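Worksheet for the structure shown next.
Protein chains in written order, with our numbering: chain A, 410 to 918; chain B, 222 to 365.
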């Protein structure tokens, strides 16, 4: 414990001295140094092709096509298993002998706390601004289709997880890509190893980027916004904010001070509910405007009046927001969900259907409706100022809401960082082996990026962050395509049992 | 109909009076006696990714500790007195789980001490005893 304290103090000292330099222009130099690399990577991942005048990134097509194919392959499992998924989350099929293990509810709640965040709040504002209200329709559609991707990857995550002798569990795309594809033969086994390594590398990148720097940066931005914008005392103290957050995150991931994470994991769902209730309140208060809002949504979705890029442009904004927000197909959720205790992997797939449902179809849509109803969408919005737009939208109804939103954003960002630090750690140790050195080296790097994320003007680094997360979808979905028959087998067997009444429905006490 | 008794305890020294009462009853009616301990746990709690991955391991540790520190001392002591005694440990909500265990094991009478619950919880949720008295399907005896 003392060694840890000394270690953390040293780190903070190092960061402080680094950041002191950062204040004086080193950040500019680093920005310039990283920029070409960041841009090259982002450019590669987001390489796009023009459709009707709009540049569509290939990776987006990759995600949506997979989601669509999976939806049809599993015959709309997102609809068929919706009710049963709810029953599972509620605990109707809970085995009393398994009391004390991770339940479906807990796995889902944990995964959700990792994905619900700034994408739902800030990203939606940008999408609706750039794509008009019609983007909401495509966003809901993408969320609906994405449920099938989550179903597939989370079923695989549980099926091919590793259970270590000491009782700890490890799961995720790294494991189903290696173990799962190996079941199909030696050539596939080799492909599986390659894909798993690719995934692990991108996941580490994602954990430093979208799961870390982006969160730190955006939550700082909202904090500055709510304390007076440019006139705020905090305005140029991103490094300080970064240090504080790094210290808190460090206490959790290195100091083992679970208390902070535990407190956060209890507050985050509460904040999410507050956010949803506030949104619903605004919608209900303006219930007369709701029909016209939906009218605008459908109109905009298919006619795209006045939107650059026409219907394709609107579609693009909606799909992009859904994909970014619920991460369906990216594989990170498969890591979180694989911790559940169950003998039937497909049950967690059913439960995972609720993730894009809650994240995109519920929370994102509520945000979109609030923005449309309050008329605060602004086509000239700067993508990095998305959270301010949402803030303004809520503020028009509840003047105190920006403060609540700031707290919510900070908490969401913090919990997302904790979750992604774990995803990245698992990927890092998958690549470099599991020992004290690899463990510590990853965590120190992670904290380093927290400080960088808050201190710097993100621009191209935001693109890099997102690029890494999306790059994960390449190996993940490719592997999923090959593993579809495995999932189908699990699904068919379970569904037969379910329909024939063989499954034991217990009352959860 | 033979009776089966179950005593719910929080720790190995708590509920001494409840255990004594149960032992007395068990001897008189020649009944089987269960000593039950519930580890507080909720299926609806919120946790981090890391906690979930470590949960299984933690659970095993918790069960082992509950058995060695709470149940075994009591069970062994009672076995020495020649009683037909068995220990039960499970995670969950205390009142609900005690009830569940009672049903599973055909318990005819649940015996509890009065002190078990923290003061705050008692005011908000009612003590374990009062919850069980209201909801159980068999007689519940609360020993002061």
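Glycine included, every Cβ here is placed at the ideal spot set by N, Cα and C. Here the structure is a predicted model, which is why all the values come from computation and not from measurement.
Against chain A, does residue i count as a neighbour if the rule is that its beta carbon must be under 8 Å from one of theirs?
i                     : result
residue 236 (chain B) : no
residue 258 (chain B) : no
residue 359 (chain B) : no
residue 329 (chain B) : no
residue 291 (chain B) : no
residue 283 (chain B) : yes
residue 313 (chain B) : yes
residue 335 (chain B) : no
residue 255 (chain B) : no
residue 251 (chain B) : no
residue 349 (chain B) : no
residue 273 (chain B) : yes
residue 270 (chain B) : yes
residue 264 (chain B) : yes
DSSP on residue i, reduced to helix/strand/coil?
i                     : result
residue 579 (chain A) : strand
residue 571 (chain A) : strand
residue 460 (chain A) : strand
residue 331 (chain B) : strand
residue 898 (chain A) : helix
residue 230 (chain B) : coil
residue 398 (chain B) : There is no way to answer for residue 398 (chain B), as the model of chain B reaches only from 222 to 365.
residue 505 (chain A) : helix
residue 666 (chain A) : coil
residue 542 (chain A) : coil
residue 787 (chain A) : coil
residue 751 (chain A) : coil
residue 512 (chain A) : coil
residue 485 (chain A) : coil
residue 877 (chain A) : helix
residue 248 (chain B) : helix
residue 634 (chain A) : helix
residue 589 (chain A) : helix
residue 911 (chain A) : coil
Apart from the five residues just before and just after residue i, which ones in its own chain have a Cβ nearer than 6 Å to its Cβ?
i                     : result
residue 668 (chain A) : none
residue 750 (chain A) : 507, 510 and 511
residue 646 (chain A) : none
residue 228 (chain B) : 239, 240, 243, 256 and 332
residue 369 (chain B) : This structure leaves residue 369 (chain B) out entirely; chain B is present only between 222 and 365.
residue 451 (chain A) : 872, 873 and 876
residue 743 (chain A) : 562, 563, 566, 581 and 582
residue 821 (chain A) : 526
Tell me which residues share the same chain as residue i and place their Cβ nearer than 7 Å to its Cβ, disregarding the 5 neighbours each side in the sequence.
i                     : result
residue 912 (chain A) : 502 and 906
residue 224 (chain B) : 250, 252, 329 and 330
residue 491 (chain A) : 762
residue 795 (chain A) : 531, 532, 534 and 535
So who's on the other strand from residue i, going by DSSP bridges?
i                     : result
residue 300 (chain B) : According to DSSP, which records beta bridges pairwise, residue 300 (chain B) is partnered with nothing at all.
residue 362 (chain B) : B:332
residue 290 (chain B) : Per DSSP, none; premise fails for residue 290 (chain B).
residue 254 (chain B) : B:226 and B:306
residue 313 (chain B) : B:261
residue 465 (chain A) : A:458
Can you check whether the C-beta of residue i is within less than 8 Å of a C-beta belonging to chain B?
i                     : result
residue 624 (chain A) : no
residue 431 (chain A) : Residue placement at residue 431 (chain A) is flagged as unreliable, the pLDDT there being 48, under the threshold of 50; the coordinate-derived value follows with that caveat. No, residue 431 (chain A) does not count as interfacial toward chain B.
residue 781 (chain A) : no
residue 396 (chain A) : The shown model of chain A, from 410 to 918, leaves out residue 396 (chain A), and the question about it has no answer.
residue 914 (chain A) : no
residue 512 (chain A) : yes
residue 850 (chain A) : no
residue 847 (chain A) : no
residue 816 (chain A) : no
residue 674 (chain A) : yes
residue 836 (chain A) : no
residue 750 (chain A) : yes
Could you tell me how far apart the beta carbons of residue i and residue j are, in whole angstroms, since I believe they sit closer than 8 Å?
i                     : j                     : result
residue 757 (chain A) : residue 559 (chain A) : Actually they are not in contact, since the Cβ atoms of residue 757 (chain A) and residue 559 (chain A) sit about 10 Å apart, beyond 8 Å.
residue 823 (chain A) : residue 621 (chain A) : So it is not a contact: roughly 11 Å between Cβ atoms.
residue 292 (chain B) : residue 310 (chain B) : 6 Å
residue 540 (chain A) : residue 772 (chain A) : Contact flag wrong, Cβ pair sits at about 18 Å.
residue 863 (chain A) : residue 529 (chain A) : Not really, about 21 Å apart at Cβ, beyond 8 Å.
Under 8 Å Cβ to Cβ from residue i, same chain only, skipping five residues before and after it: list those, please.
i                     : result
residue 430 (chain A) : Because the pLDDT at residue 430 (chain A) is just 48, under 50, the model does not fix this residue reliably, and the value given afterwards should be weighed accordingly. Cβ neighbours of residue 430 (chain A) beyond the five flanking positions: none.
residue 513 (chain A) : 497, 498, 500, 749, 751, 756, 757 and 760
residue 493 (chain A) : 759 and 907
residue 692 (chain A) : 699, 775, 778, 779 and 782
Quick one: is residue i near chain E, going by C-beta distance under 8 Å?
i                     : result
residue 515 (chain A) : The displayed structure is made up of protein chains A and B, and chain E is not among them.
Report whether the distance from the Cβ of residue i to the nearest heavy atom of the ligand ZN is below 7 Å.
i                     : result
residue 593 (chain A) : The ligand ZN is absent from the structure shown, which contains no ligands of any kind.
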